[in-house]
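Peer 1:
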Amino acid sequence: MDMFRHRDAPILQYPTFHSTIVVSAEGKHYKITNVLFDSGASSNFISRKLCKRFGLKYYPFIADMTFNTANGQVQHTEEVDLTISIAGVFQNLSFIRQRGLHHHHFTIILGTPGFWKYQLQMRWGFGAKRETLVTIEADSTLQPNVQERNIVVEAEQRHGPSMVIELKDMAVQNEALKLGETVEQRQERQGAEAAAVSRALQEVEMSRAIEDALAGMR
4 MDMFRHRDAP ILQYPTFHST IVVSAEGKHY KITNVLFDSG ASSNFISRKL CKRFGLKYYP
64 FIADMTFNTA NGQVQHTEEV DLTISIAGVF QNLSFIRQRG LHHHHFTIIL GTPGFWKYQL
124 QMRWGFGAKR ETLVTIEADS TLQPNVQERN IVVEAEQRHG PSMVIELKDM AVQNEALKLG
184 ETVEQRQERQ GAEAAAVSRA LQEVEMSRAI EDALAGMR
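Under the working numbering, think of the first position of the sequence shown as 4, with each following residue one higher.
Written as structure tokens, this is what we have:
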């Protein structure tokens, strides 16, 4: 029915920045382009290959920490501290040094801790020629004329509704996450996150249906 027809996402009318980020470590600056923004990851990750390539220092955790990866491997972890610049906004972040990350074509994964540090919001636009954005709330003390900056994460031709999911909607689930979670804990977390996304999608669908129905009555 027409009342359930999806409208295209709005065309972007504000400044955007490509998702290349600058990593500062040991007094040197490196540009990293293959970064995954993953709001479902409970930590930030960096590949061991990248650490070795750039000679980055890493530190063992106070307690021996292990975690299970998606492919079933159990890994011991070390921590790497870096300064990250995204769209001109700098933050100090800690990363878990992970073996085999480069096999997935990403040398850095920015997970939930990075999202909270930057106050990121993901905006998905699934209309034709629409872009996926990450919004950063810039530090007004450093950049008084900039309230927020947007990064183009990817530009694809897709169809369907546009949507905005606030990270705060998943705050309860993500605040309780710990490194080295068990399989049961991970399954419970993934179920909670899927439910949160499903609720957000349902709210978007209902809102659009009501708007279209009201528009048809005018």
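Where is the CB? At the ideal position from N, CA and C, for every residue including glycine.
Please read all numbers here as calculations on a predicted model, not as lab measurements.
Under the three-state reduction of DSSP, which class applies to phenylalanine 109: helix, strand or coil?
Peer 2: Three-state result, phenylalanine 109: coil.
Peer 1: Can you tell which of Ile35, Ser42, Lys31 and Leu39 has its C-alpha closest to the C-alpha of lysine 60?
Peer 2: When only C-alpha atoms are compared, the closest one is Lys31.
Peer 1: List the endpoints of the continuous beta strand (DSSP E) containing lysine 31.
Peer 2: From DSSP, the beta strand (DSSP E) with lysine 31 extends over 31-35.
Peer 1: I'd like to know whether the C-beta atoms of phenylalanine 48 and isoleucine 87 end up nearer to each other than 8 Å.
Peer 2: The answer is no: Cβ separation not under 8 Å.
Peer 1: In the DSSP assignment, what are the bridge partners of asparagine 47?
Peer 2: Paired residues: none, contrary to the question.
Peer 1: Return the CA-CA distance between tyrosine 121 and leucine 217, expressed in angstroms with no decimal places.
Peer 2: Taking the straight line from one Cα to the other gives about 38 Å.
Peer 1: Which residues in the same chain as aspartate 41 place their Cβ atom closer than 6 Å to its Cβ, once the five residues preceding and following it in sequence are excluded?
Peer 2: So the list reads Ile112 and Gly114, once near-sequence residues are dropped.
Peer 1: Look up proline 164 in the DSSP assignment and say whether it is helix, strand or coil.
Peer 2: Because proline 164 carries a pLDDT of 39, less than 50, the predicted location of this residue cannot be relied on, and the following value inherits that uncertainty. Correct three-state label for proline 164: coil.
Peer 1: Would you tell me roughly how many angstroms separate the C-alpha atoms of cysteine 54 and isoleucine 213, rounded to the nearest one?
Peer 2: Near 51 Å, if we compare the C-alpha coordinates of isoleucine 213 and cysteine 54.
Peer 1: Helix, strand or coil for aspartate 84 per DSSP?
Peer 2: Aspartate 84: strand per DSSP, three-state reduction.
Peer 1: Output needed for phenylalanine 109: all residues of its chain with C-beta closer than 7 Å, excluding positions within five of it in sequence on either side, in chain order.
Peer 2: Asn37, Val38 and Leu39, listed in sequence order.
Peer 1: In this structure, does DSSP put alanine 141 in helix, strand or coil?
Peer 2: Residue placement at alanine 141 is poorly supported in this model, since its pLDDT is 43, which falls under 50; the coordinates are not used for a value here.
Peer 1: Since tyrosine 62 sits in a beta bridge, which residues does DSSP pair it with?
Peer 2: Glu82.
Peer 1: Could you tell me which residues DSSP pairs with arginine 100 in its beta bridges?
Peer 2: For arginine 100, which the question treats as bridged, DSSP gives the partners Ile49 and Glu81.
Peer 1: Considering only the beta carbon of each residue, do leucine 96 and glycine 117 sit closer than 8 Å?
Peer 2: For leucine 96 and glycine 117, yes; Cβs fall inside 8 Å.
Peer 1: Which residue from Arg56, Ala44 and Glu191 puts its Cα closest to that of isoleucine 35?
Peer 2: The option with the nearest alpha carbon to isoleucine 35 is Arg56.
Peer 1: Classify leucine 123 as helix, strand or coil using the three-state DSSP reduction.
Peer 2: Leucine 123 falls in the coil class under three-state DSSP.
Peer 1: Report the option in Val26, Trp119, Met220 and Glu187 whose CA atom is closest to the CA atom of valine 83.
Peer 2: Valine 83 has its Cα closest to that of Val26, out of Val26, Trp119, Met220 and Glu187.
Peer 1: Any idea if alanine 198 is buried or exposed, counting beta-carbon neighbours within 10 angstroms, 16 or more meaning buried?
Peer 2: The residue is exposed, with fewer than 16 neighbouring Cβ atoms inside 10 Å.
Peer 1: Going by CA-CA distance only, name the one from Glu191, Glu187, Gly219 and Leu123 that's closest to isoleucine 224.
Peer 2: An answer regarding residue 224 cannot be provided, because it is not within the stretch 4 to 221 covered by the chain.
Peer 1: Per DSSP, which one or two residues make a beta bridge with phenylalanine 40?
Peer 2: Answer is Leu113, bridged to phenylalanine 40.
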